[in-house]
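For reference, each letter of the sequence shown is one residue, going 11 to 351 in the working numbering. The beta-carbon is built from N, C-alpha and C at its ideal position, and this holds for glycine as well.
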Amino acid sequence: MRIAALLAGLMIAAAAPRIAAAQDALSQDGAPPPLGIALEGFAYPYPVNYLDLTRDGEAQRLAYMDVAPQGSANGRTVFLLHGRNFPSSYWQPVIAALTGAGYRVVAPDQLGFGKSSKPVGPFTFDRMAADTVALMDAMGLERIDVIAHSMGGMLAVRLARNAPTRINSLVLEAPIGLEDYRFTVPPVPDAVLLKREGEMTADDYRRQLMTSYALSLPESAIEPFVSLRERVKGSGEYRRWLQSFVNSYQAIWGQPVVHEIPLVSVPTLFIMGGNDRNAPGKAYAPEGLRKGMGDNAAHARALAARMPNGRAEVIEGVGHLVHMEATDRFNADAIGFLDSH
11 MRIAALLAGL
21 MIAAAAPRIA
31 AAQDALSQDG
41 APPPLGIALE
51 GFAYPYPVNY
61 LDLTRDGEAQ
71 RLAYMDVAPQ
81 GSANGRTVFL
91 LHGRNFPSSY
101 WQPVIAALTG
111 AGYRVVAPDQ
121 LGFGKSSKPV
131 GPFTFDRMAA
141 DTVALMDAMG
151 LERIDVIAHS
161 MGGMLAVRLA
171 RNAPTRINSL
181 VLEAPIGLED
191 YRFTVPPVPD
201 AVLLKREGEM
211 TADDYRRQLM
221 TSYALSLPES
231 AIEPFVSLRE
241 RVKGSGEYRR
251 WLQSFVNSYQ
261 AIWGQPVVHE
271 IPLVSVPTLF
281 IMGGNDRNAP
291 GKAYAPEGLR
301 KGMGDNAAHA
311 RALAARMPNG
321 RAEVIEGVGH
331 LVHMEATDRF
341 NADAIGFLDS
351 H
């Protein structure tokens with residue numbers, strides 16, 4: 011649901027740098043006010059709906075934006091699957107382009123992220139895929155196209171494998187999971203991850219996004235994400251958010267999809283940033299193995315060549331957030347690919 015402007019929550023402008031974020035209302039000490047772990051009080055660019063689900067024996071709510079096409083509708087629906095460090099609101103420029111091209115767009119926050127509930131049990135991509143199918147069923151959608159970023163790319167692969175008749179095509183934007191991280195990164199206990207994530211400052215997080223993602227964006231473009239994470243720390247349920255976030259890392263590390271990618275039969279387009287060498291867990295890998303991790307553009311090309319109907323495009327000079335760093339090129343490539351089927 012669109013939050014009234016009077017709440018003045020920092021409006022995420024997860025688009026190209028030209029899209030500005032609105033300013034936060036400040037608390038009495040001059041700092042942005044805390045947020046709940048379901049981002050209560052934080053504005054999304056389109057109305058938010060909820061699907062009731064059950065996870066870990068608890069009632070959960072899966073948040074999603076459902077945006078109608080503008081002008082002449084083509085009868086197709088695109089699901090946008092977000093990455094681990096971002097709420098679905100960062101898809102704003104992609105939603106605008108897709109709806110302008112006649113597509114209906116659904117942008118869910120998977121359980122554990124954004125405005126959705128935060129489960130405390132282990133994550134699985136199978137469960138996340140099932141939740142996505144449940145959302146399709148609730149909306150009466152038999153078949154969809156998918157655009158997925160980063161961790162969302164791993165989910166998209168599992169979705170295409172588990173429900174192949176429901177997926178028309180995939181656009182994988184800078185997906186992770188193009189290598190099996192278990193071969194280079196040792197297991198990391200939850201306690202270590204909880205301590206590291208819990209101690210991360212705003213400066214640490216800002217630096218992580220800029221460097222790990224090799225971003226060509228100015229720091230101001232990612233400040234909404236940094237602010238969002240900092241404000242969630244003020245929630246009384248922050249420990250629950252932290253556990254849920256750590257659980258998502260364990261799923262990425264322990265549930266590889268790279269071995270299944272060549273088995274995906276639907277038309278698939280990888281759109282990669284030429285500078286992107288992001289590899290989850292790299293900091294925990296032995297020093298001698300780190301340099302070989304995250305050759306994502308090369309991995310995408312090699313995997314696409316092994317797929318029945320895959321191809322890879324690499325946009326030079328950009329990093330992991332392709333749809334924000336090269337918005338017009340990304341939208342043109344994605345829509346051109348979708349229109350070709």
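Rounded to the nearest whole angstrom, the CA to CA distance from Ser258 to Met149 is 26 Å.
A direct Cα-Cα distance of roughly 16 Å separates Gly163 from Asp305. The beta-bridge partner set that DSSP reports for His159 consists of Glu183. Beta bridge pairing from DSSP links Phe280 with Leu182 and Ala322.
By the C-beta density criterion, Arg216 is buried, having at least 16 other C-beta atoms within 10 angstroms.
If you draw a straight line from the Cα of Ala212 to the Cα of Pro42, it is about 13 Å long.
Between Gln265 and Thr134, the beta carbon gap of about 6 Å places them in contact (Cβ cut-off 8 Å).
The continuous stretches of alpha helix (DSSP H) do not include Arg86, and DSSP gives it neither H nor E. Counted as a single uninterrupted DSSP element, the beta strand (DSSP E) harbouring Glu68 occupies residues Glu68 to Val77. Leu180 places its beta carbon 7 Å or farther from that of Val104. In the DSSP assignment, Arg65 forms a beta bridge with Glu68. DSSP, reduced to helix, strand and coil, places Pro118 within a strand of the structure shown. According to DSSP, residue pairing for Leu91 in a beta bridge involves Ala158. Here His269 is exposed. Its C-beta has fewer than 16 other C-beta atoms within 10 Å.
Taking a contact to require three or more Cβ pairs closer than 8 Å, the stretch 134-148 and the stretch 162-176 qualify as touching. At the C-beta level, Ala314 and Gly320 come within 7 Å of one another. In the pairwise beta carbon analysis, the stretch 236-253 is classified as not touching the stretch 343-351: fewer than three pairs are separated by under 8 Å. Cβ-Cβ distances below 8 Å link Glu207 to Leu252, Phe255 and Val256 in the same chain, with the five nearest sequence neighbours on each side left out; the list follows chain order. The beta carbon of Ala107 is closer than 6 Å to those of Asn341 in its chain, skipping five residues each way along the sequence.
When the alpha-carbon of Gly93 is set against those of Val77, Met161 and Ala69, the nearest one is in Met161.
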